[in-house]
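Going by numbering that gives the first Met the number 0, the residue at position 133 of the sequence shown is 132; the numbering climbs one at a time, nothing skipped. Each residue gets a CB set at the ideal place from its N, CA and C atoms; glycine is no exception. Everything on this sheet refers to the single structure shown next.
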Amino acid sequence: MMLERTRQQLDPVGANDVHRTWVLLCIATLGFVVLSTVRGWAGVAHPQLAISSVAVSAGAMALVLVWTSAASAPFTGNRHLAVHSIMLVAMALSAWSRYSEADAHSHDPFPFAIGALAVVMSNYRPAQEIVVLGITSATIAGFLVLVEASETGAEPSALAHVLPAVTPILALSFGAAAFTGGIVTAIEDRRRRASARPLTLSSDDGSAQHDRITVLSREALPLMQRVLERGVVTRADREEAARAATSLRSILVTEVGRTWLTASQETRNGPRFTIIDRSGLANEMEPTRRTVLRAMLDAFAGEPGFVGGTVRLESGTRAATLTIAAEFNAAEYTTPPGHPVVSAVLTVMSSVFTEIETSRGQASVLVKFGYETR
Numbered sequence: 000m001m002l003e004r005t006r007q008q009l010d011p012v013g014a015n016d017v018h019r020t021w022v023l024l025c026i027a028t029l030g031f032v033v034l035s036t037v038r039g040w041a042g043v044a045h046p047q048l049a050i051s052s053v054a055v056s057a058g059a060m061a062l063v064l065v066w067t068s069a070a071s072a073p074f075t076g077n078r079h080l081a082v083h084s085i086m087l088v089a090m091a092l093s094a095w096s097r098y099s100e101a102d103a104h105s106h107d108p109f110p111f112a113i114g115a116l117a118v119v120m121s122n123y124r125p126a127q128e129i130v131v132l133g134i135t136s137a138t139i140a141g142f143l144v145l146v147e148a149s150e151t152g153a154e155p156s157a158l159a160h161v162l163p164a165v166t167p168i169l170a171l172s173f174g175a176a177a178f179t180g181g182i183v184t185a186i187e188d189r190r191r192r193a194s195a196r197p198l199t200l201s202s203d204d205g206s207a208q209h210d211r212i213t214v215l216s217r218e219a220l221p222l223m224q225r226v227l228e229r230g231v232v233t234r235a236d237r238e239e240a241a242r243a244a245t246s247l248r249s250i251l252v253t254e255v256g257r258t259w260l261t262a263s264q265e266t267r268n269g270p271r272f273t274i275i276d277r278s279g280l281a282n283e284m285e286p287t288r289r290t291v292l293r294a295m296l297d298a299f300a301g302e303p304g305f306v307g308g309t310v311r312l313e314s315g316t317r318a319a320t321l322t323i324a325a326e327f328n329a330a331e332y333t334t335p336p337g338h339p340v341v342s343a344v345l346t347v348m349s350s351v352f353t354e355i356e357t358s359r360g361q362a363s364v365l366v367k368f369g370y371e372t373r
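Here's what the structure looks like:
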């Protein structure tokens, strides 16, 4: 399936980081709706409809927060349309509740609320879709205001009624679309520049196998050749054979408690990840998951300012849990609008691992996910 041009698809880590901001914006918007309704309560003819409009808008905001969370990803176009539709229903209920007041539209908070939710949803849908739904919602909102004005017998011109209703929706929708479009373009530009850089995967062999081969090829094999050529085993040969056997035995003992994941980091030059895998769970991973995990670690190590990190594998009742914590030098690391390679690998990881959780601090990235062991 082809990825949509949204920040959630191209940069899931960055999109998830701002979710807390959207929670605060939704709470503030709901508070504005409640306060505006209370302020205009004197002109409410049908209190039940006014209360229903607030409840419906609260439900729409709750759906936005649930649907835009990492656990419910991706945020689809149908969900986007549903939120706009629910908010327009809330606006209609609010309008009908105030039919007795000629200046009722002056207390209507829903144009701003719809525009604010367009900003919240902008990280998760393409810019063109945000604009189209913003224009559609503004058109319907303007129609509702005109109907309300005709019923209340208001004297000002139609434009005076429509402008306060459509301006917040259009302004916030176009602004949100421009902002998210700029972020997506920046992510794609960085991804194109990074695509020329090859992603080198570590070998499964690791340093243990390399040491084992070194002992056999440089010590054991030459010793056997000399003994065969002479046809006699000397005391020096026995001592040399004992040293080679001791070296090989120590390597094999060390290798028993070492997984392919540990070996892949031991061969890396520069900063690396510390592997914490007391139960050897890495060896129970399927080949596809091993490849994706190595690519994830290599992608983090390729980011500027990488200073190291930890990979912790723990067994659970039903599945194993793997946590990657990557640390960066704050002086060298500037968070770009998306990590092209990291985001691309995260997209692949979501298809082979379950329950992925991501978070990012000023100089750290945390990725946690589960998987079934073999």
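- Going by C-alpha positions, residue 78 is about 25 Å away from residue 144.
- Sequence-distant Cβ neighbours of residue 45 in its own chain, meaning closer than 7 Å and more than five residues away, are 95, 96.
- Annotation: the continuous beta strand (DSSP E) that includes residue 308 extends over 305–314.
- The Cβ atoms of residue 272 and residue 308 sit closer than 8 Å to each other.
- Boundaries of the alpha helix (DSSP H) around residue 35: 18–38.
- Taking each of 118, 60, 148 in turn and checking the Cα distance to residue 175, the smallest one comes out for 118.
- Of the other Cβ atoms in all chains shown, 16 or more fall within 10 Å of the Cβ of residue 21; this residue is therefore buried.
- Taking 8 Å as the cut-off, the Cβ atoms of residue 93 and residue 149 do not count as close.
- For residue 65, the enclosing alpha helix (DSSP H) stretches over residues 46–66.
- Short of 6 Å from the beta carbon of residue 258, and not among the five residues preceding or following it, lie these beta carbons of its own chain, in chain order: 276, 279, 281, 282.
- The continuous stretches of alpha helix (DSSP H) do not include residue 320, which lies in the beta strand (DSSP E) extending over residues 319–327.
- In this structure, residue 9 and residue 183 form a Cβ contact; the two beta carbons are roughly 6 Å apart against a cut-off of 8 Å.
- Taking a C-beta distance under 8 Å as the contact criterion, residue 61 and residue 86 do not qualify as a contact pair.
- For residue 369, the three-state secondary structure derived from DSSP is strand.
- Residue 272 has 308 as its beta-bridge partners, per DSSP.
- For residue 265, the enclosing alpha helix (DSSP H) covers residues 259–265.
- For residue 126, same chain residues with a beta-carbon under 6 Å away, outside a window of 5 residues either side, are 176, 179, 180 in chain order.
- Sequence-distant Cβ neighbours of residue 33 in its own chain, meaning closer than 8 Å and more than five residues away, are 53.
- Burial check for residue 39: the Cβ neighbour count within 10 Å reaches 16 or more, so the residue is buried.
- When secondary structure is reduced to three states using DSSP, residue 131 falls in the helix class.
- Residue 159 and residue 134 have their C-alpha atoms spaced approximately 18 Å apart.
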